[in-house]
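Engineer:
Number of protein chains: 2
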Amino acid sequence: MEKLITIGEAAQRTGLSAKMIRHYEASGLLKCSKRSEAGYRLYDSQQLQLLGVIKQARKLGFPIVQIQSLLDLLQNPDRTSREVKSIAQHHLNEIEHKINELQQMRETLKQLSDNCSGDENANCPILDGLCQNSLK
Amino acid sequence: MEKLITIGEAAQRTGLSAKMIRHYEASGLLKCSKRSEAGYRLYDSQQLQLLGVIKQARKLGFPIVQIQSLLDLLQNPDRTSREVKSIAQHHLNEIEHKINELQQMRETLKQLSDNCSGDENANCPILDGLCQNSLK
DNA sequence: GTTGACCTTACCATCAAGGGAAGCTTCACA
DNA sequence: TGTGAAGCTTCCCTTGATGGTAAGGTCAAC
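So the sequences go chain by chain: A and B.
So the working numbering is basically just the index in the first sequence, starting at one, shifted up by 868.
So the working numbering is basically just the index in the second sequence, starting at one, shifted up by 868.
1. Under three-state DSSP, which class holds L1003 (chain A)?
2. Is there a C-beta anywhere in chain B that falls below 8 Å from the one on D987 (chain A)?
3. Quick one: residues in its chain with C-beta nearer than 6 Å to the C-beta of M1028 (chain A), no 5 flanking neighbours on either side, listed in chain order?
4. Please confirm whether T976 (chain A) has its beta-carbon closer than 8 Å to some beta-carbon of chain B.
5. Name the chain A residues that come within less than 8 Å of E870 (chain B), Cβ to Cβ?
6. Name, please, each residue of chain B whose Cβ falls closer than 9 Å to the Cβ of L897 (chain A).
7. On the criterion of 16 or more Cβ atoms from any shown chain inside 10 Å, does E951 (chain A) qualify as buried, or is it exposed?
8. Using beta-carbon positions only, say whether S949 (chain A) and A990 (chain B) come within less than 8 Å of one another.
9. With a CB to CB cut of under 8 Å and the five nearest residues on each side skipped, what residues in its chain are close to S913 (chain A)?
10. Look up R947 (chain A) in the DSSP assignment and say whether it is helix, strand or coil.
11. For I995 (chain A), name the three-state secondary structure that DSSP assigns.
12. Return the CA-CA distance between L960 (chain A) and K966 (chain B), expressed in angstroms with no decimal places.
13. Work out the CA separation of V921 (chain B) and L1003 (chain A) for me, nearest whole Å.
14. With distance defined between alpha-carbon atoms, name the residue in A:A894, A:A906 and A:S895 nearest to T874 (chain A).
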């Protein structure tokens, strides 16, 4: 007989919060396999494994919908690595897009900040920069 | 007499949406100076200027609360550039923190993806990587 | 049998932005 | 003068991942 654990233990072992495990269930990611007579969620070792996958995928920033797809592929023996890689590549593009946006913000902000003396003077190139709007 | 414009024109000239201008008002950033008899918001050129500042600051990723502070300083002749620079530096740190997080995701994800053939094979290093969880 | 830790569901908040409804105003054109 | 379109108002709902809190049921140990 398989050992079943409660949501608290599953949380502790995966590093997720019990709150988020319930949330992932509500989002359709992963139903627990059984409930105790009192209604407590009970997870077996396979479910725990999948919760671990969710944790890792979130750590890599995958959104819930993509994790859904990844879990489906993981459990589908007829999957192709092409399908998996496609999802990963898509997410990678998203990440790189965000990095680019942030780097652009950083450059602009750094330029403004570097020109600012940061002293008692009221004159401030940062505010000047923000005021240089391109009103139509 | 100062020329007053409606929210739609203010939106067009700043590049903000009318929706967001109302939202910024509700958030305490910037009240319009007058209302028409029918209740329409009316903005003068100074308000328009401030809306432009909000637009620029959002473009740089400043959160609303910090924009609030920046607007306060902008309109305060007793400000010091030290105060402004402090806010900018704080935001710059936030941005760099986010960049680091994303770059770490990118590296890990890229390694997994590079090892994946992306063909018809079911075997997939990406899924393998996600399964390598550190369950306690 | 009581206490404390753990579980349940349900609701609210965050943050910046957008969607859409219902109703009023303004303007241009016939 | 009438009408229709475009623009404005407020109000409520949705997003996405996460957290908080409240009210109440359960379990185990002492």
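C-beta: ideal position from N, C-alpha, C; glycine also.
Keep in mind it's a predicted model, so treat the numbers as computed, not measured.
Structural biologist: For this structure:
1. Mapped onto the first sequence, residue 1003 (chain A) falls at position 135. Three-state DSSP puts L1003 (chain A) in coil, outside helix and strand.
2. Looking up residue 987 (chain A) in the first sequence gives position 119. Taking 8 Å as the CB threshold, D987 (chain A) lines the interface with chain B.
3. The structure shown does not extend to residue 1028 (chain A), since chain A is modelled only from 869 to 1004, so the question has no answer here.
4. Residue 976 (chain A) sits at position 108 when you count from the first residue of the first sequence. For T976 (chain A), the answer is yes, since a Cβ of chain B falls inside 8 Å of its Cβ.
5. Start at 1 with the first residue of the second sequence, and residue 870 (chain B) comes out as number 2. Neighbours of E870 (chain B) on chain A: none; closest Cβ ~15 Å, over 8 Å.
6. Counted from its first residue, the first sequence places residue 897 (chain A) at position 29. Near L897 (chain A) there are no residues of chain B at all, since even the closest Cβ is about 13 Å away, more than 9 Å.
7. For the purposes of this step, residue 951 (chain A) is identified with residue 83 of the first sequence, where counting begins at 1. With 16 or more Cβ atoms within 10 Å of its Cβ, E951 (chain A) is classed as buried.
8. For this step, residue 949 (chain A) is matched to residue 81 along the first sequence. For this step, residue 990 (chain B) is matched to residue 122 along the second sequence. Cβ atoms of S949 (chain A) and A990 (chain B): closer than 8 Å.
9. Here residue 913 (chain A) refers to the residue found at position 45 of the first sequence. For S913 (chain A), where only same-chain residues beyond five positions count, the Cβ hits under 8 Å are E870 and K871.
10. Counting from one through the first sequence, the residue named residue 947 (chain A) turns up at place 79. Coil at R947 (chain A), not helix or strand.
11. Position 127 of the first sequence, counting from 1, holds the residue named residue 995 (chain A). According to the sequence as given, residue 995 (chain A) is Leu; it is not Ile. In the structure shown, L995 (chain A) adopts helical secondary structure according to DSSP, grouped into three states.
12. The count along the first sequence starts at 1 and reaches residue 960 (chain A) at position 92. The count along the second sequence starts at 1 and reaches residue 966 (chain B) at position 98. Rounded to the nearest angstrom, the two C-alpha atoms are 15 Å apart.
13. On the first sequence, residue 1003 (chain A) is found 135 positions in, with the first residue counted as 1. On the second sequence, residue 921 (chain B) is found 53 positions in, with the first residue counted as 1. Roughly 10 Å separates the two Cα atoms.
14. The residue labelled residue 874 (chain A) in the question sits at position 6 within the first sequence. The shortest C-alpha separation from T874 (chain A) is found at A:A906.
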